[in-house]
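To start, the structure itself, in structure tokens.
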Amino acid sequence: MDVTFSVNGERVSLDVEPRRTLADALREDCGLTGTHLGCEHGVCGACTVLVDGQPARACLMFGVQADGCSVTTVEGLEGEDGELHPLQEAFVEHHGLQCGFCTPGMLMSALHLLDTDPGAGRETIREEMSGNICRCTGYQGIVDAVEAAGAALRGDADGPSSS
Amino acid sequence: MKCAPFDYVRAGSVEEVVKVLAGSDGDGKILAGGQSLVPVLALRMARPSVLVDVNRIPGLGAIRPVDGAVEVGALARHSALVAQTHHPLLAEAATWIGHTAIRSRGTAGGSIAHADPSAELPVVAVGTGATVSVAGPEGVRTTTAEELFVSALVTSLGEDEMITSIRFPQPERWGFAEFARRHGDFALVMALVAEVDGAVRVTIGGVGAVPARAAEAEQVLAAGGTAREAAAAAAAGIEPTADLHGSVPFRRAMAAEMVRRACARAGID
Numbered sequence: 001m002d003v004t005f006s007v008n009g010e011r012v013s014l015d016v017e018p019r020r021t022l023a024d025a026l027r028e029d030c031g032l033t034g035t036h037l038g039c040e041h042g043v044c045g046a047c048t049v050l051v052d053g054q055p056a057r058a059c060l061m062f063g064v065q066a067d068g069c070s071v072t073t074v075e076g077l078e079g080e081d082g083e084l085h086p087l088q089e090a091f092v093e094h095h096g097l098q099c100g101f102c103t104p105g106m107l108m109s110a111l112h113l114l115d116t117d118p119g120a121g122r123e124t125i126r127e128e129m130s131g132n133i134c135r136c137t138g139y140q141g142i143v144d145a146v147e148a149a150g151a152a153l154r155g156d157a158d159g160p161s162s163s
Numbered sequence: 164m165k166c167a168p169f170d171y172v173r174a175g176s177v178e179e180v181v182k183v184l185a186g187s188d189g190d191g192k193i194l195a196g197g198q199s200l201v202p203v204l205a206l207r208m209a210r211p212s213v214l215v216d217v218n219r220i221p222g223l224g225a226i227r228p229v230d231g232a233v234e235v236g237a238l239a240r241h242s243a244l245v246a247q248t249h250h251p252l253l254a255e256a257a258t259w260i261g262h263t264a265i266r267s268r269g270t271a272g273g274s275i276a277h278a279d280p281s282a283e284l285p286v287v288a289v290g291t292g293a294t295v296s297v298a299g300p301e302g303v304r305t306t307t308a309e310e311l312f313v314s315a316l317v318t319s320l321g322e323d324e325m326i327t328s329i330r331f332p333q334p335e336r337w338g339f340a341e342f343a344r345r346h347g348d349f350a351l352v353m354a355l356v357a358e359v360d361g362a363v364r365v366t367i368g369g370v371g372a373v374p375a376r377a378a379e380a381e382q383v384l385a386a387g388g389t390a391r392e393a394a395a396a397a398a399a400g401i402e403p404t405a406d407l408h409g410s411v412p413f414r415r416a417m418a419a420e421m422v423r424r425a426c427a428r429a430g431i432d
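Residue numbers (the working numbering), protein chains in the order written: chain A, 1 to 163; chain B, 164 to 432.
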């Protein structure tokens, strides 16, 4: 079935089988393997992408459903000259990853969180990131990273807010 | 972990959905938010031959107040339920559904049709005496939430029928309480105490095949009993089963505690 959607601002047209998930369409058909597949049934959050600005599990959507939508994946985070997004910088800086498998989903969830709630405090960050499972870090570094990225994106020179 | 093949139909109207379902010999499924259906397909616990995608049907996602109630379109996302201010109980209950990425896709109609007894919206539907509009080949009929839920994941919907909206009455006062191992997980037990049309309704989810009214607890409260007495009556009236997540005595104790908390939040001591 023919579908056309945009991925990270680029228009793509594909012929996909209806049962192909959006995650597989991104990985196999678009070559964007940054979106990771963990559980493939909507539990682990590794495949989280933004669809029309809203976070979605790419394993729970079919590629055909993205027709006409605007999809943002982890590949869309980097700057024009390949520079890391403040969230990616913060994950490196604060040990927000170890093996890195969950990281793309973590980044996309965090991106949406900081987009909708730029001043999110640690409790909110914990709550909002709870849909993404990490088996390496124990989450502490992830919460630190999202908090620091929030401060950086706010241009807050004093570092993380105390809220 | 990949779904079995299926034919995909992107429906443009409710009439088209009904027509496709009617023509699929009971082997068609409605695809709304997909947050429960797609895992079932991925695990190959179901292999429908046709999926009818209802996400593009115009006008099905509206949430609007209508005399003493709020009518929620079948395609209203859980995130929209959280954000709306017409029905505070619905907003509160919806915050307990899954995680952000699930709430942004999952729909009210899908949650009701899926009929998971541990899900929040079925409990709110039974607890407020909601009515459900159902479209089928003969037109639109109205049923009650209590008539809709037959057993775990089983409803009285026909194979060629589709929920189009749910009308949730506005309770005069209410309290909602849920216990899950982690926020976002399905509830081990949840309780809703809601006064609707002057009668206090006590509804428990997660401990039986369907969200159920706790008649004994309601009688205790109607007779002027305390929240603790109602909680004890509610816990005595359920028959939970043990699993990995909790024993029978634990679930009974949690049911009592959630009813007590829901009473307290509704202003009943």
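C-beta atoms are modelled at their ideal positions from N, C-alpha and C, and glycine is treated no differently.
**Request:** Could you tell me whether the Cβ of aspartate 2 of chain A comes closer than 9 Å to any Cβ of chain C?
**Result:** The chain labelled as chain C is not found among the protein chains of the depicted structure, namely A and B.
**Prompt:** Among A:Thr103, A:Thr137 and A:Ser70, which residue has its Cα nearest to the Cα of glycine 34 of chain A?
**Reply:** A:Thr103
**Asked** Per the contact definition of three or more C-beta pairs closer than 8 Å, is the segment 424-431 of chain B in contact with the segment 347-357 of chain B?
**Response** yes
**Message:** If I measure Cβ to Cβ from alanine 397 of chain B and keep anything under 8 Å in the same chain, skipping five residues before and after, which residues do I get?
**Reply:** Ala354, Val365, Ile367, Ala377, Glu379, Ala380, Ala418, Ala419 and Val422
**Request:** State yes or no: is the beta carbon of phenylalanine 349 of chain B nearer than 9 Å to at least one beta carbon in chain A?
**Result:** It does not: the Cβ of phenylalanine 349 of chain B has no partner Cβ on chain A nearer than 9 Å.
**Request:** Closer than 7 Å by beta-carbon distance: list the chain B residues that pair up with threonine 48 of chain A, in chain order.
**Result:** Ala264
**Asked** Leaving out five residues before and five after phenylalanine 101 of chain A in sequence, what residues of the same chain have Cβ atoms less than 6 Å from its Cβ?
**Response** Here the set comprises His36.
**Amino acids of chain A, ordered along the chain, whose beta-carbon sits closer than 7 Å to that of alanine 394 of chain B** = In chain order: nothing, as chain A lies at least about 28 Å away.
**Prompt:** Using a beta-carbon distance below 9 Å, is aspartate 67 of chain A in contact with chain B?
**Reply:** yes
**serine 13 of chain A, buried or exposed, once every other Cβ within 10 Å from all chains shown has been counted against 16** = Label assigned to serine 13 of chain A: exposed.
**Request:** Would you mind telling me which residues of chain B sit closer than 7 Å to glutamate 40 of chain A, beta carbon to beta carbon, in chain order?
**Result:** Met164 and Ala205
**Message:** Let me see if you follow: with CB-CB separation under 9 Å, is glutamine 54 of chain A close to chain B or not?
**Reply:** yes
**Asked** Would you say histidine 112 of chain A faces chain B, with C-beta separation under 9 Å as the test?
**Response** yes
**Asked** If we ignore side chains and look at the alpha-carbon of each, how far apart do leucine 111 of chain A and glycine 191 of chain B end up?
**Response** 37 Å
**Request:** Determine the contact status of valine 245 of chain B and alanine 232 of chain B, defining contact as a CB-CB distance below 9 Å.
**Result:** No.
**Message:** Under 8 Å: do the segment 80-94 of chain A and the segment 143-153 of chain A share three or more Cβ pairs, one atom per stretch?
**Reply:** yes
**Message:** Which of the three DSSP states is assigned to serine 163 of chain A in this structure?
**Reply:** Any reading at serine 163 of chain A must be qualified, since the residue scores a pLDDT of 47, below 50, and its modelled position is unreliable; the value itself is stated next. Coil, per DSSP.
**Request:** Return the first residue and the last residue of the alpha helix (DSSP H) that isoleucine 265 of chain B is part of.
**Result:** 263-266
**Request:** Determine, using beta carbons only, whether threonine 21 of chain A comes closer than 9 Å to chain B.
**Result:** yes
**Supposed contact pair phenylalanine 62 of chain A and aspartate 118 of chain A - C-beta distance, whole angstroms, cut 8 Å** = This sequence places proline at residue 118 of chain A; aspartate is not what is there. No, proline 118 of chain A and phenylalanine 62 of chain A are not in contact; Cβ-Cβ is about 33 Å, not under 8 Å.
**Request:** Locate the beta strand (DSSP E) running through alanine 357 of chain B, then write down its first and last residues.
**Result:** 352-359
**Message:** What would DSSP say about valine 143 of chain A, mapped onto helix, strand or coil?
**Reply:** helix
**Item:** Member of A:Leu114, A:Gln98, A:Ala25 and A:His95 whose CA lies at the smallest distance from the CA of glutamine 54 of chain A
**Value:** A:Leu114
**Prompt:** Would you call the CB atoms of arginine 173 of chain B and arginine 240 of chain B closer than 9 Å?
**Reply:** no
**Prompt:** Hey, quick one: how far does the alpha helix (DSSP H) through proline 412 of chain B stretch, first residue to last?
**Reply:** 411-428
**Prompt:** What does DSSP give as the partner residues of proline 332 of chain B in its beta bridges?
**Reply:** B:Ala232
**Message:** Check whether chain B comes within 9 Å of leucine 60 of chain A, counting only Cβ atoms and requiring the distance to be less than that.
**Reply:** yes
**Message:** Check this for me: beta carbons of glycine 347 of chain B and isoleucine 265 of chain B, under 9 Å apart or not?
**Reply:** yes
**Message:** Between valine 71 of chain A and chain B, is any beta-carbon pair separated by less than 9 Å?
**Reply:** no
**Message:** Let me see if you follow: with CB-CB separation under 9 Å, is alanine 282 of chain B close to chain A or not?
**Reply:** No, alanine 282 of chain B lies away from the interface with chain A (no Cβ there is under 9 Å from its Cβ).
**Prompt:** Is there contact between the segment 276-291 of chain B and the segment 124-143 of chain A, where contact requires at least three CB pairs shorter than 8 Å?
**Reply:** no
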